[in-house]
Amino acid sequence: MSRPRRSLVIKRGAIADGMVVGTGFLPDVAQDSLEQIRLGAEAAGRDFRSIDIWRWTMCNVAEHRDRALGEMGAALAATGNHLTRFTTEGKHIPPQLMEPMTRLRAAYQVESHFVPGGESPNSRLVDQLGLRDYLAERFAIAGTPDECVEKIQRLAAIGVNQIWTSPSFADKMAFMRAWSEQVLPHVG
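Numbering (UniProt numbering), first residue to last: 1 to 188.
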């Protein structure tokens, strides 16, 4: 895979006190993002460790992984669409997924952007193109409570220690209760 055009990320590393990074959690993607921020910070004579870095993610917890992902299908679609906008160069999209990701961008229905639930046309498109697992693994912490805790622990092992999320499904309060009671008590 080619390296991303990261001049903006490098510039942010040079000037920002903090930032939210939304490139995903796959190890090569997460490490590349940190490397680009570090390069910017060092070019400006700054200590990379002084930058407050948060990782944007989508989160959901349910009794079954399929249900958790089904409720966030529109968010997965929107994120996939965003990933492929303008260019796919250097965005760490696996070659075997480039064609379905390009099809997602072409067929994405803006008028249904972030329509909650699994019945939105964009959510169905993610499933039809076989992208759900890839987008979820790259961008989401979702599944059963144990699966969410395990993913958070894997992320911590690669240096992701601050996450930011904004629930994009109908019942946000139920999510907040479940997340705070079933996931957060089990992570450091």
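Even glycine gets a Cβ: it sits at the ideal position worked out from N, Cα and C.
Going by other Cβ atoms of all chains shown within 10 Å of its Cβ, with 16 needed for buried, is residue i buried or exposed?
i    : result
G159 : exposed
H64  : exposed
R55  : buried
N122 : buried
Just to check my reading of the structure: residue i and residue j have Cβ atoms closer than 8 Å, yes? What is that Cβ distance to the nearest angstrom?
i   : j    : result
V29 : A178 : 27 Å between Cβ atoms; not a contact.
C59 : A156 : The pair is not a contact, with the Cβ atoms about 15 Å apart (cut-off 8 Å).
H82 : L26  : Actually they do not touch by this definition, with Cβ atoms about 16 Å apart.
Pick from the options: whose alpha carbon is nearest that of residue i?
i    : options                   : result
F86  : A106, F48, D52 and C59    : A106
A75  : Q128, I15 and S112        : S112
A41  : R12, D66 and P94          : R12
I51  : E35, T57 and D66          : E35
V20  : I53, F114, A142 and Q128  : I53
T102 : E119, F169 and A77        : A77
L97  : Q109, R67, N122 and D133  : D133
R124 : A43, L104, H82 and D171   : L104
G22  : M173, G188, P185 and S166 : S166
R67  : R46, K91, W164 and T144   : T144
A14  : E137, I37 and D146        : I37
R49  : T84, E137, T79 and G18    : G18
Among all the DSSP beta bridges, which residues are the ones paired with residue i?
i    : result
D52  : G18
C59  : I141
T88  : Answer is none; T88 lacks a bridge partner.
W164 : W56
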